[in-house]
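Student: With full-length UniProt numbering as the guide, the letters of the sequence shown map in order to residues 1 to 418.
Here you go, one structure.
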Amino acid sequence: MSDKGTNFSSSSLPPCCCYHSRVFKKSSPNCKLTVYLGKRDFVDHLDHVDPVVFVTLTCAFRYGREDLDVLGLSFRKDLYISTFQAFPPVPEERKPNSRLQDRLLKKLGQHAHPFYFTIPQNLPCSVTLQPGPEDTGKACGVDFEIRAFCAKSIEEKIHKRNSVRLVIRKVQYAPEKPGPQPMVETTRSFLMSDRSLHLEASLDKELYYHGEPISVNVHVTNNSTKTVKRVKISVRQYADICLFSTAQYKCPVAQLEADDQVSSSSTFCKVYTLTPTLDKNREKRGLALDGKLKHEDTNLASSTIVKDVTNKEVLGILVSYRVKVKLVVSRGGDVSVELPFILMHPKPVEPPLSRPQSGRPVCSCLCVSVPAVPEMDPPIDTNLIEFETNVSQDDDFVFEDFARLRLKGAVDDKDEDC
Numbered sequence: 001m002s003d004k005g006t007n008f009s010s011s012s013l014p015p016c017c018c019y020h021s022r023v024f025k026k027s028s029p030n031c032k033l034t035v036y037l038g039k040r041d042f043v044d045h046l047d048h049v050d051p052v053v054f055v056t057l058t059c060a061f062r063y064g065r066e067d068l069d070v071l072g073l074s075f076r077k078d079l080y081i082s083t084f085q086a087f088p089p090v091p092e093e094r095k096p097n098s099r100l101q102d103r104l105l106k107k108l109g110q111h112a113h114p115f116y117f118t119i120p121q122n123l124p125c126s127v128t129l130q131p132g133p134e135d136t137g138k139a140c141g142v143d144f145e146i147r148a149f150c151a152k153s154i155e156e157k158i159h160k161r162n163s164v165r166l167v168i169r170k171v172q173y174a175p176e177k178p179g180p181q182p183m184v185e186t187t188r189s190f191l192m193s194d195r196s197l198h199l200e201a202s203l204d205k206e207l208y209y210h211g212e213p214i215s216v217n218v219h220v221t222n223n224s225t226k227t228v229k230r231v232k233i234s235v236r237q238y239a240d241i242c243l244f245s246t247a248q249y250k251c252p253v254a255q256l257e258a259d260d261q262v263s264s265s266s267t268f269c270k271v272y273t274l275t276p277t278l279d280k281n282r283e284k285r286g287l288a289l290d291g292k293l294k295h296e297d298t299n300l301a302s303s304t305i306v307k308d309v310t311n312k313e314v315l316g317i318l319v320s321y322r323v324k325v326k327l328v329v330s331r332g333g334d335v336s337v338e339l340p341f342i343l344m345h346p347k348p349v350e351p352p353l354s355r356p357q358s359g360r361p362v363c364s365c366l367c368v369s370v371p372a373v374p375e376m377d378p379p380i381d382t383n384l385i386e387f388e389t390n391v392s393q394d395d396d397f398v399f400e401d402f403a404r405l406r407l408k409g410a411v412d413d414k415d416e417d418c
């Protein structure tokens, strides 16, 4: 058993505590409002999105550097904004509590009030565009944020001192049933040659996980009088930016060049292996990455699976990947084909305690209204993550407190994103 403020892993817990309810927690600067989240990643299942508990949910697309926001002009477009009244609860909108909410209500007492919300299906996933070495401020991309605040009305100005902001993510995981094996072929005829060159390329499967090597099978039948001097293989990331108009940007994330020659009237067959990773592409500005939380590393953006593309204005950034096979032919130009594939994370195994009970909706968060107390300066706390490990058989919560760096005399309105 660890004391508060000590990091630990699940492997260090006793055998009887294999699973614990992980709860994220954040308080306002004046400690009068606290938000509890059952998770920070919300999965897009294409037909529905895991419910989220919040006061205000915002999905925004930042398409320009933050330091360029001047004279009231902001390079940011809000794709979705919705506000939910958490307390006092609206009777006709009340839903049955989830098991996690019931247990949190029991632990937190009479000043805890449950609420929930759902993310619309057509909103984009969280994507961050990699900034350049000299870029400052918030990176471009699509992000989600929940904000809990105390006010007399929705129109009232929100003060950061009595509000809580927390960044969440909308993610997608690899489908359980992948598609057919990608395969493409092309035939090229050359001037002054009565026969052609045939190129056939294929991948061993359609779905790859991040960090998994990609095997590319190349088969060349050269009946022409030309000679293939070299074979180039590259993995390219395509990002469709759906803003006021749709633009596509491509960026190579893995490349291979082989001096394999195919002479006239001969055949050639070989398997090439490439592994696209972020480690080799950290200097490429504008590369699409999975949306990351502060103080966490990330990876190349996962492929986007879209069910409905009718309303492109709210799609944000669509990410796809292709393998390009290119044959460099002497005095005859190049012959190339492209193979689309999916790059995603596998769906993680959920612990039994996090699953919904009796088919009820998964309500993941709680907004806590702290009773009025004399206002005082909060204690100095430099911990980014705090663990509360007072675990028992009936109460097995693990609280992770994403606290800001609290310094006396600091300006409250300059709150950093968490």
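Heads up, the beta-carbon is just placed ideally off N, CA and C, and yes, glycines get one too.
1) Quick one: what's cysteine 344 bridged to in DSSP?
2) What does a CB cutoff of less than 7 Å around isoleucine 154 pick up in its chain, not counting 5 residues either side in sequence?
3) For leucine 191, count neighbouring Cβ atoms within 10 angstroms of its own Cβ and tell me buried if that reaches 16, exposed if not.
4) Please return the same chain residues whose Cβ sits closer than 8 Å to the Cβ of glutamine 255, not counting the five positions on each side in sequence.
5) Buried or exposed: which applies to aspartate 143, given that a residue is buried once 16 or more other Cβ atoms fall within 10 Å of its Cβ?
6) Measuring from the CB of leucine 199, is there a heavy atom of the ligand SAH at a distance below 7 Å?
7) Where does lysine 107 sit, in a helix, a strand or coil, going by DSSP?
8) Roughly how many angstroms lie between the CA atoms of alanine 239 and lysine 250, to the nearest whole one?
9) Give a yes or no on whether the C-beta atoms belonging to arginine 62 and lysine 138 are separated by under 8 Å.
10) Assuming threonine 186 contacts valine 335 under a Cβ cut-off of 8 Å, what Cβ separation, rounded to an integer in Å, is found between them?
11) What are the boundary residues of the beta strand (DSSP E) that includes valine 142?
12) Let me make sure I understand the geometry here. Which of Ile317, Lys326, Leu343 and Ser27 has the alpha-carbon closest to that of lysine 160?
13) Reducing DSSP to helix, strand and coil, say where lysine 170 ends up.
14) Once you ignore the five residues that flank asparagine 299 on each side, which residues in its own chain have a CB closer than 6 Å to its CB?
15) How big is the Cα-Cα spacing for cysteine 59 and aspartate 78?
16) Rounded to the nearest angstrom, what separates valine 306 and aspartate 194 at their Cα positions?
17) For glutamine 237 versus leucine 287, is the C-beta spacing smaller than 8 Å?
18) Give a yes or no on whether the C-beta atoms belonging to glutamine 130 and proline 114 are separated by under 8 Å.
19) Would you list the one or two residues that DSSP bridges to residue 422?
20) Whole angstroms are fine: how far does the CA of alanine 201 sit from the CA of lysine 270?
21) Since glycine 333 sits in a beta bridge, which residues does DSSP pair it with?
Tutor: With the structure as the only source:
1) It should be pointed out that residue 344 corresponds to methionine in this sequence rather than to cysteine. Note: methionine 344 sits in a beta bridge opposite Tyr209.
2) Thr83
3) exposed
4) Lys232, Ile233, Ser234, Val235 and Leu274
5) buried
6) Annotation note on the ligand SAH: not contained in the displayed structure, which lists no ligands.
7) helix
8) 6 Å
9) yes
10) 7 Å
11) 141 to 149
12) Ser27
13) strand
14) His210, Leu278 and Asp290
15) 6 Å
16) 45 Å
17) yes
18) no
19) The requested residue 422 is not part of the displayed model; the chain covers only 1 to 418.
20) 10 Å
21) Val329
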